[in-house]
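Chemist: Under numbering that gives the first Met the number 0, the residue at position 160 of the sequence shown is numbered 159, and the numbers go up by one with no gaps.
We put the beta carbon where it would ideally sit given N, CA and C, even for glycine.
Given the structure is predicted, the values throughout are model-derived calculations rather than measurements.
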Amino acid sequence: MGCLLIPLMETLGYCCYLARESNLGVVTKEDRLEDVSRKSFETGLNSVQLIGYTGADPQSFGTDSHSGTRLSLATTSYYRTKDDKLHSKTSWHNISIFKPSLQEKVNLHVRRGSRLFVQGSLDYTSYVDQDGQKKYSTSIIPNDIIILNSRPSPEEEEDF
Numbered sequence: 000m001g002c003l004l005i006p007l008m009e010t011l012g013y014c015c016y017l018a019r020e021s022n023l024g025v026v027t028k029e030d031r032l033e034d035v036s037r038k039s040f041e042t043g044l045n046s047v048q049l050i051g052y053t054g055a056d057p058q059s060f061g062t063d064s065h066s067g068t069r070l071s072l073a074t075t076s077y078y079r080t081k082d083d084k085l086h087s088k089t090s091w092h093n094i095s096i097f098k099p100s101l102q103e104k105v106n107l108h109v110r111r112g113s114r115l116f117v118q119g120s121l122d123y124t125s126y127v128d129q130d131g132q133k134k135y136s137t138s139i140i141p142n143d144i145i146i147l148n149s150r151p152s153p154e155e156e157e158d159f
């Protein structure tokens, strides 16, 4: 049996649709309330996935009780123009890490030039600088970081 969408009455400023089997049953008030209550628990999607190279060693910031690690990640895309010339565009992304397990992993294994896969969400913040000017900042808050390759730490380089 196929599924068809039956429009419900406009509720709370938006129109709901309820999927029903094609036997065309009657939509009851309880069905509408159930659909509306389900909608109130839905969330949006804020997801970012990046693969790129770190521009510098990770930097710690904050206090012992509210610490974080920051790093920059470069992603490069390539494209051809109409005259068949190859061009590249590099974008730099600010990564702010607050999960203790990810901070430890990054601080131990990531160096300038490490290739990373970062999965997380976008975060927009604003602050007032020392001159009283309002500044805006965009960063990625990672849920997971996979180290695709890493550079040796300074201690490890001495062993070679």
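Can you pull the DSSP bridge partners for A85?
Modeler: Here residue 85 refers to the residue found at position 86 when the sequence shown is read from its first residue. It is Leu, not Ala, that sits at residue 85 in the sequence shown. Beta-bridge pairing links L85 to R79.
Chemist: Going by the CB atoms, is the gap between S125 and N45 shorter than 7 Å?
Modeler: As a first step, residue 45 must be located in the sequence shown, where it is residue number 46. As a first step, residue 125 must be located in the sequence shown, where it is residue number 126. No, Cβ-Cβ distance for N45 and S125 is not below 7 Å.
Chemist: Please return the same chain residues whose Cβ sits closer than 6 Å to the Cβ of S87, not counting the five positions on each side in sequence.
Modeler: Taking the first residue of the sequence shown as position 1, residue 87 is located at position 88. Cβ within range, chain order: T75, Y77.
Chemist: Could you tell me the alpha carbon to alpha carbon distance between S90 and Y52, rounded to whole angstroms?
Modeler: Residue 90 sits at position 91 when you count from the first residue of the sequence shown. Residue 52 sits at position 53 when you count from the first residue of the sequence shown. Roughly 11 Å between the two C-alpha positions.
Chemist: In terms of alpha-carbon separation, which member of S64, S138, L70, K104 lies closest to R111?
Modeler: Looking up residue 111 in the sequence shown gives position 112. Selected option, being the one with the closest Cα: L70.
Chemist: Let's test the definition: count the other Cβ atoms within 10 Å of the Cβ of S100 and tell me whether it reaches 16, buried, or not, exposed.
Modeler: Along the sequence shown, one-based indexing puts residue 100 at 101. Classification of S100: exposed, given that the 10 Å Cβ count is below 16.
Chemist: Nearest-angstrom Cα distance between V109 and Q58?
Modeler: Taking the first residue of the sequence shown as 1, we reach residue 109 at position 110. Taking the first residue of the sequence shown as 1, we reach residue 58 at position 59. Cα to Cα, the separation comes out at about 11 Å.
Chemist: Report buried or exposed for V127, applying the criterion of at least 16 other Cβ atoms within 10 angstroms of its Cβ.
Modeler: Here residue 127 refers to the residue found at position 128 when the sequence shown is read from its first residue. Classification of V127: exposed, given that the 10 Å Cβ count is below 16.
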